[in-house]
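Read through the structure below, which is laid out as structure tokens, and then see the notes.
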Amino acid sequence: MSGEGKRKHLFISHHHKDDKTVSDFISLISGRGYDVRNSSIRAKPANQRRLDEKRVSDEVIKRLLRMKISWAGTVVVLIGKDTHTRPWVDWEINKAKEQGKRIVGVFARGGTDADIPKGLKDYSSAIVNWNSDSIIGALDGDNVFKDPDGSIRPGGGGGSVTC
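Below, the structure written as structure tokens:
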């Protein structure tokens with residue numbers, strides 16, 4: 001599968017400590033010929049301090065996230081060991097569902113089934129392992145549900161299918 005010259009507008013939902021995984025994800029897909037446009041928030045250290053100190057209101061953050069999710073064609077949720085504990089990830093998944101976005105979960109290296117956020121279990125169109133063919137298939141519309149090792153998930157999963 002080659003995405004030569006194929007542009008993807010993505011919002012990549014992730015725990016901010018997984019920023020390197022976001023870069024790795026973009027590199028993996030870009031290496032297959034895709035032009036990835038990522039609208040997710042990746043706070044530089046100075047901005048992260050302002051967020052940590054609550055100098056930016058939740059309402060401002062929500063407005064920004066809504067715009068960025070709206071711009072994206074697909075919302076990708078990177079499933080790492082702490083993703084399921086992050087309230088903003090759940091909020092982003094719910095907004096993506098409200099906006100009718102395709103939601104794709106991708107297990108980061110080391111991610112496990114126990115790490116899947118509830119909203120992703122409920123609303124995903126696909127959940128795949130860290131494998132370029134699996135990821136590209138899901139981004140291109142394959143509604144497949146896999147375990148972190150790449151095996152097909154018994155009984156599927158998720159609840160949002162794009163027709």
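First residue of the sequence shown: 1, per this note's numbering; consecutive thereafter. We put the CB at the ideal spot given by N, CA and C, even for glycine.
Nonlocal neighbours in the same chain, by C-beta distance under 8 Å from residue i, ignoring five residues either side
i	result
H14	T21, V22, S40, V77, L78, G80, T83 and V89
T112	K81 and P148
Which of helix, strand or coil DSSP assigns to residue i
i	result
S13	strand
V89	helix
R32	coil
N38	strand
T74	strand
Expected contact under 8 Å - CB spacing of residue i and residue j to nearest Å
i	j	result
N38	L64	With 8 Å as the limit, N38 and L64 do not qualify as a contact, their Cβ atoms being about 14 Å apart.
F107	P148	4 Å
K95	A72	Actually they do not touch by this definition, with Cβ atoms about 11 Å apart.
6 Å CB neighbourhood of residue i in its chain, flanking five on each side removed
i	result
R109	W130
K97	Y123
D52	none
R86	H15
Extent of the continuous alpha helix (DSSP H) to which residue i belongs
i	result
V144	No alpha helix (DSSP H) holds V144; DSSP gives it neither H nor E.
R63	D58 to W71
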